[in-house]
């Protein structure tokens with residue numbers, strides 16, 4: 042009587058649940074049938090995911106933070122690839138612009154040698170300034186090349202390392218959700234009075250707990266890795282872009298100083314009678330009048346503005 046009572050207590054209640062759970066953790070079920078069932082549900086979950094079938098809303102909501110981090114990771118991955126392509130094209134356009142500036146400068150210098158008037162001197166000075174600007178523009182390629190190499194290293198090391206963690210996590214997440222679907226299917230056919238069905242449900246439940254523990258570990262790793270990746274990208278840009286910014290400012294200052302010197306040396310406007318491009322005759326005359334009679338031009342502009350104000354007031 043005591044033996045029967047002891048056996049009844051051992052196979053019922055929460056004590057039995059804890060015993061089955063501990064046994065499942067210490068010695069997971071490795072039977073061929075269990076493996077086949079597990080692979081079946083994993084394959085089914087993978088196919089459903091490829092086909093775009095939505096999972097349970099509660100399960101999806103529990104991974105909202107993880108999905109947000111994955112979106113950030115994909116954004117970093119795509120933006121770094123796009124940035125590399127843009128830098129590559131930017132360097133190509135930069136070289137083309139420098140070549141065009143240099144060619145235009147040579148053309149103006151050659152034209153200035155044949156023209157002995159003041160216009161020839163202006164063409165020579167502007168040509169030298171353009172050639173100088175083209176040479177200085179090429180100095181921007183050094184920090185751009187450095188930035189390109191930094192982004193490339195970041196992609197092939199930091200992003201690739203994080204991608205491995207994300208891939209492993211997605212695989213385990215698929216297994217975890219497959220285990221949940223398996224447990225849901227078993228629970229629908231569960232008869233609490235049948236020992237074999239109850240034993241089967243508890244084994245599947247143990248599989249779900251093991252999958253969840255593994256998934257939670259990789260999930261935490263992914264969250265931390267993506268945060269570190271975003272911080273590393275900001276740190277990379279803060280160092281690599283400073284060199285480009287300084288080089289760009291130096292180039293702009295040198296080019297501006299050169300062209301301002303040319304402009305100050307050739308103040309005023311010398312009227313030129315256009316004979317081929319006749320559309321420029323009228324603008325040329327107006328510009329000549331503005332240079333020669335600045336007071337009258339300003340007075341005429343003020344009168345025009347007053348007339349416009351009067352018209353608006355009447356309306």
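In this note's numbering, the protein residues as written are 42 to 356. All residues carry an ideal CB built from backbone N, CA and C; glycine is no exception.
Under the 10 Å beta carbon count, residue 117 is surrounded by 16 or more other beta carbons and is classified as buried.
Residue 135 places its beta carbon 7 Å or farther from that of residue 288.
With distances taken between CA atoms, residue 291 lies nearest to 179 out of 172, 179, 163. In this model, residue 171 and residue 142 are separated by some 6 Å (Cα to Cα).
The Cβ-Cβ distance between residue 280 and residue 213 does not fall below 7 Å. The distance from the Cβ of residue 165 to that of residue 175 is about 16 Å, inconsistent with a contact at the 8 Å cut-off. The three-state reading of DSSP puts residue 245 in helix, counting H, G and I together.
In this structure, the straight-line span from the alpha carbon of residue 269 to that of residue 167 is close to 51 Å. Taking 7 Å as the cut-off, the beta carbon of residue 203 is found no closer than this to the beta carbon of residue 258. Unbroken alpha helix (DSSP H) stretches of 4 residues or longer found wholly inside the segment 273-326: none. Per DSSP, the unbroken alpha helix (DSSP H) holding residue 134 starts and ends at 105-155.
In the three-state DSSP reduction, residue 180 falls in the helix class (H, G or I). Residue nearest to residue 251 within the set 188, 262, 285, 219 is 219 (criterion: CA-CA distance).
Apart from sequence neighbours up to five positions away, the residues of its chain that approach residue 262 with a beta-carbon distance below 8 Å are 206, 210, ordered along the chain.
Cβ neighbours of residue 106 within its own chain (closer than 8 Å, five residues either side excluded): 264. 7 Å or more divides the Cβ of residue 183 from the Cβ of residue 125. In the same chain as residue 173, and ignoring 5 residues on each side of it, the C-beta atoms closer than 6 Å to its own belong to 299, in chain order. Spatial neighbours of residue 200 in its own chain (CB-CB distance under 6 Å, excluding positions within 5 residues in sequence) are listed in chain order as 118. Between residue 128 and residue 221, the C-beta gap is not smaller than 7 Å, which leaves the two residues out of contact. Contact check for residue 132 against residue 295 fails: the beta carbons are separated by 7 Å or more. Using a Cβ distance threshold of 7 Å, residue 195 and residue 277 count as a contacting pair.
Apart from sequence neighbours up to five positions away, the residues of its chain that approach residue 260 with a beta-carbon distance below 7 Å are 107, 210, ordered along the chain.
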